[in-house]
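Residue numbers (my numbering): 22 to 95.
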């Protein structure tokens with residue numbers, strides 16, 4: 022059996038790199054957004070001097086927000 026080897030074209034390589042770059046940028050953007058949100062939560066917790074039950078409730082609310090955001094993307 023003689024199979025010809027298929028090589029990706031320059032366009033294929035370029036598009037693959039574009040997709041990889043876009044995914045990496047999206048990951049960076051998401052990480053920054055989460056970091057900013059966590060800092061905002063920490064500021065809220067400190068300013069309002071929340072107790073452990075209030076902090077837990079705040080985190081549950083935030084988890085629901087992330088869950089809803091995830092569902093909107095599907």
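Backbone N, C-alpha and C define an ideal beta-carbon position, used for all residues, glycine too. Fair warning: this is a prediction, and the values are worked out from it, not measured in the lab.
Query, Result
"CB of residue 64 within 8 angstroms of CB of residue 79, strictly", "no"
"Where the alpha helix (DSSP H) containing residue 92 begins and where it ends", "73 to 93"
"Nearest-angstrom Cα separation, counted from residue 76 out to residue 60", "14 angstroms"
"Per-residue DSSP class, three states only, for residue 70", "coil"
"Proximity to residue 58 [Cα-Cα], best of 45, 46, 82, 71", "82"
"Three-way DSSP call (helix, strand, coil) for residue 55 in this model", "helix"
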